[in-house]
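Peer 1: The structure under discussion is supplied below as C-alpha cells; questions concerning it will follow.
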Amino acid sequence: MLMDIISPLDGRYRTEMSGIFGDKTKLDRWMDVEIALAKAHAKLGNIPKDAVGKIEGAKARVKLERVNEIEGEIHHDLMAMVKALSEQAGDAGAYVHLGATSYDIEDTATALIFRDAIAQIEKRLRELRIVLKELAIKHKKTICIGRTHGQHATPTTYGMKFALYYQEAGRNLERLKEAKKRILVGKMSGAVGTMATFKGQGEKIEKLVMDELKLEPAPIATQIVQRDRHAEILGILALTAAGAEKIAKELRNLQRTEIGEVGESFGKKQVGSSTMPHKRNPHRSERVCSLARIVRANVSVAMENIALEHERDLTNSANERFIFPESFIVLDYMLKEITGILTGLEFFPENMKRNLELTNGLIMAERLMIAITEKGMMGRQEAHEYVRELSQKAFREGKHLKELFAASEAGKKLGRKEVDKLFDYSTYVGESEKIVERALKE
2 MLMDIISPLD GRYRTEMSGI FGDKTKLDRW MDVEIALAKA HAKLGNIPKD AVGKIEGAKA
62 RVKLERVNEI EGEIHHDLMA MVKALSEQAG DAGAYVHLGA TSYDIEDTAT ALIFRDAIAQ
122 IEKRLRELRI VLKELAIKHK KTICIGRTHG QHATPTTYGM KFALYYQEAG RNLERLKEAK
182 KRILVGKMSG AVGTMATFKG QGEKIEKLVM DELKLEPAPI ATQIVQRDRH AEILGILALT
242 AAGAEKIAKE LRNLQRTEIG EVGESFGKKQ VGSSTMPHKR NPHRSERVCS LARIVRANVS
302 VAMENIALEH ERDLTNSANE RFIFPESFIV LDYMLKEITG ILTGLEFFPE NMKRNLELTN
362 GLIMAERLMI AITEKGMMGR QEAHEYVREL SQKAFREGKH LKELFAASEA GKKLGRKEVD
422 KLFDYSTYVG ESEKIVERAL KE
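Numbering (the working numbering), first residue to last: 2 to 443.
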C-alpha cells in the first residue's frame, strides 16, 4: 500500500510496538521521570510538598505541539519538555528538573520504554511458542527427509523441526528475562555522574526516583547509562530475529518447486508475480528474512556506541533515535508475521513421500551399514566402505540400493524379509517422538 510517508515503520510494518516508541509516549515517560524526581525532592524536604501535585497535574496539560514549538526555538528536545511542563505547573514549575541533567531523564525514561517494549516481544514469543508446540505435537509422526549440506541425509520428522524452533524461542525468552536486570536501570547522578548538584543527597534521591519508577539505579554512571547495556539488548533482539529468520528460511526452501513439502497460505485473489500468473511465492517468509538483516545490522551501531569519549559525547544520540525503535518494531513485526505464516501453513504429504523415495534408497545407507556390522558380516569401517561403494554404484546406474544389496552375497545371507525391513524409512526415525516430547516439556 502506497502512503505519503518516508519510513515503512509508520505504515507497512507498523505494529503495537510503534506506540511504545512514539513521540507522545516518549514525552510521557520523560515527564514520569520528572515527577518521580519532584517526589524524591519533596520527601527529603527540598521542595514544598504541594509542588508535586501541581507538577503531576501539569503532565496531562502538556501538548506535544507546544514541546515541538519550544524545541524549534531552543533546539533542545528535553529542555523543551522541561519548559512546557514548567509552564503548566504554575509556581511549582520552578522545581521541575531540579538538580538533573538531560540524560538523567532521557536514559531513565529509555529504561521505562524498554520495559514495555521487552514485554511486547515476550508476548510475541509466547504466542509463537504456542503455535510451534501445537505443530510439533501434530506432526511428531510426520516423516520427511532430513537434509545436511543441501543433500538428502536420513529421515526425520516435522515434529523435530518445530520442537527445535520451540526450544530456541524459549531460550530467547530466557535471554530477555536475564537481560532485564541489566537494561532496566536508570540514573539520577548529574552531568558526569558525581551527583554534585544534589549536595550530599544524591544517592537518596536516585534511590527514591528509581523506587518510584520500579527501576534499579545504575551503581555508577557518567553523564549517561553505559551503552554496553543497550548493546546487549539489541544483541538479544538480533538473536531473536535470527531465530525467526531460521524458521522462515526453512519454510522458503521447503516450498521450492522441486521440494514442495509445505506452502504459505495463498489467498484466492493473491498475485505472486506481475508477469508469471502461476507463481506462488513465499513472499512473507522472504520478508522475515529480509527484515532480520536490519535488526542484525543495528547491533554493530550499538556496539560502536559503547566507546564514547571521556564522560560522554553525542555520537550515540542521533543513531539511537533510529536503532532503538527500529530494532524493536521490526522484530515485533517479524514475530507477528512468522506466527501468522505458521498458523496458516499448508502441508503436502505426497511430496514428502516422493522426496523420501527420490534417491532410490540411498537415505537408508547408514542403517544398512550398521546392520551389516551388527550381524558380524564385517567390521564397522569395512562395512562403511562396502556400503559406500554400493551406494555409488546405485547412483551411477540409477538403481535402487535395496535391490543391489538384496542381490549381493551379503544381502542373500540376510534374507529378503530382513532387507525389506532395513529399507522401511518409516521405522528409521529413532527416538524422535520421545525427543519432541522432551523438548516440549517445561
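Cβ coordinates follow ideal geometry from the N, Cα and C atoms, glycine included.
As the structure is a prediction and not an experimental result, all values here were calculated from the model.
Would you give the residue range spanned by the beta strand (DSSP E) that I371 belongs to?
Peer 2: Per DSSP, I371 belongs to no beta strand (DSSP E); it is in the alpha helix (DSSP H), A366 to E375.
Peer 1: In three-state DSSP terms, what is H42?
Peer 2: Helix.
Peer 1: Please determine, among V97, E204 and I260, the residue with the shortest C-alpha to C-alpha distance to P477.
Peer 2: An answer regarding residue 477 cannot be provided, because it is not within the stretch 2 to 443 covered by the chain.
Peer 1: Given that a residue counts as buried once 16 or more other Cβ atoms are within 10 Å of its Cβ, and exposed if not, what is L359?
Peer 2: Flag for L359 reads exposed.
Peer 1: Grouping DSSP H, G and I as helix and E and B as strand, with all else coil, what is H231?
Peer 2: Note: H231 maps to helix in three-state DSSP.
Peer 1: Would you check if the region 194–203 and the region 214–226 touch, i.e. whether three or more CB-CB distances between them fall below 8 angstroms?
Peer 2: Touching, yes.
Peer 1: Measuring only the C-alpha atoms, how far is L174 from D51?
Peer 2: Their Cα atoms are separated by approximately 43 angstroms.
Peer 1: Let me confirm a value: Q152 is counted as buried when at least 16 other C-beta atoms fall within 10 Å, else exposed. Which label applies?
Peer 2: Exposed.
Peer 1: In whole angstroms, what separates the C-alpha of P350 from that of K182?
Peer 2: Approximately 46 angstroms, taken between the alpha carbons.
Peer 1: Counting pairs of Cβ atoms below 8 angstroms between the region 26–37 and the region 332–351, do you hit three or more?
Peer 2: Contact between the region 26–37 and the region 332–351 is absent, because fewer than three Cβ pairs lie under 8 angstroms.
Peer 1: Identify, in the order they occur along the chain, each residue of the same chain with its Cβ nearer than 7 angstroms to the Cβ of E128, setting aside the five sequence neighbours on each side.
Peer 2: Answer for E128: T340, listed in chain order.
Peer 1: Let's test the definition: count the other Cβ atoms within 10 Å of the Cβ of E398 and tell me whether it reaches 16, buried, or not, exposed.
Peer 2: E398 should be labelled exposed.
Peer 1: How would you write the range of the beta strand (DSSP E) that P350 sits in, first residue to last?
Peer 2: First-last for P350: P350 to L357, but that is the alpha helix (DSSP H), not the beta strand (DSSP E).
Peer 1: Put Q121 into one of helix, strand or coil per three-state DSSP.
Peer 2: Residue state, collapsed to three classes: helix.
Peer 1: Just curious, the alpha helix (DSSP H) that T340 is in, first and last residue?
Peer 2: Counting along the chain, the alpha helix (DSSP H) containing T340 begins and ends at S318 to T344.
Peer 1: Given a threshold of 16 other Cβ atoms within 10 Å of its Cβ, counted over all protein chains shown, does G380 qualify as buried or as exposed?
Peer 2: With fewer than 16 other Cβ atoms within 10 Å, it is exposed.
Peer 1: Identify, in the order they occur along the chain, each residue of the same chain with its Cβ nearer than 6 angstroms to the Cβ of G160, setting aside the five sequence neighbours on each side.
Peer 2: Contacts found: A137, H140, K141 and V437.
Peer 1: Classify R257 as buried or exposed, calling it buried when 16 or more other Cβ atoms lie within 10 Å of its own Cβ.
Peer 2: Exposed is the call here.
Peer 1: Exposed or buried, which one is I248 when buried takes at least 16 other CB atoms within 10 Å?
Peer 2: Looking at its Cβ environment, which holds 16 or more other Cβ atoms inside 10 Å, I248 is buried.
Peer 1: Ignore the nearest five residues each way along the sequence and tell me which others in L295's own chain have a CB closer than 6 angstroms to its CB.
Peer 2: Looking at the sequence itself, residue 295 is Ile, so the reference to Leu does not match. Closer than 6 angstroms at Cβ, skipping near neighbours: V331.
Peer 1: My output table needs one value for P9: the three-state DSSP class, helix, strand or coil.
Peer 2: The answer is helix: DSSP assigns P9 an H, G or I state.
Peer 1: For S392, does the count of other Cβ atoms within 10 angstroms reach 16, so buried, or fall short, so exposed?
Peer 2: With 16 or more Cβ atoms within 10 Å of its Cβ, S392 is classed as buried.
Peer 1: I want to know whether the region 316–331 touches the region 227–244 - three or more CB-CB distances under 8 angstroms.
Peer 2: The region 316–331 is in contact with the region 227–244.
Peer 1: Nearest by alpha-carbon distance to M189: which of T155, K208 and V302 is it?
Peer 2: The option with the nearest alpha carbon to M189 is K208.
Peer 1: Taking Cβ positions, are L99 and H42 nearer each other than 9 angstroms?
Peer 2: For L99 and H42, yes; Cβs fall inside 9 angstroms.
Peer 1: Output the boundary residues of the beta strand (DSSP E) element that contains R148.
Peer 2: Run containing R148: I144 to T149, per the beta strand (DSSP E) assignment.
Peer 1: Rounded C-beta distance between M378 and K414? I'm assuming under 8 angstroms.
Peer 2: Right, their Cβ atoms sit about 7 angstroms apart.
Peer 1: Do A180 and E246 have their C-beta atoms within less than 9 angstroms of each other?
Peer 2: Not closer than 9 angstroms, so no.
Peer 1: How should G187 be labelled, buried or exposed, when 16 other C-beta atoms within 10 angstroms of its C-beta is the threshold for buried?
Peer 2: Classification for G187: buried.
Peer 1: Thinking C-alpha only, which one of G244, H150 and Y104 is nearest A164?
Peer 2: Answer by Cα proximity: G244.
Peer 1: For the alpha helix (DSSP H) containing Q393, list its first residue and its last residue.
Peer 2: That run of the alpha helix (DSSP H) goes R381 to E398.
Peer 1: Once you ignore the five residues that flank Y166 on each side, which residues in its own chain have a CB closer than 6 angstroms to its CB?
Peer 2: If we look at Y166 and ignore the five residues flanking it on each side, its Cβ neighbours are L133 and I248.
Peer 1: From the DSSP output, which residues share a beta bridge with H153?
Peer 2: Bridge partners of H153: R148.
Peer 1: Rounded to whole angstroms, how far is the Cβ of L86 from the Cβ of K25, which I believe are closer than 8 angstroms?
Peer 2: So it is not a contact: roughly 14 angstroms between Cβ atoms.
Peer 1: Taking V193 as part of the alpha helix (DSSP H), name the residues at either end of that continuous run.
Peer 2: First-last for V193: undefined, no H or E at that position.
Peer 1: With DSSP collapsed to three states, give me the class of T198.
Peer 2: Note: T198 maps to helix in three-state DSSP.
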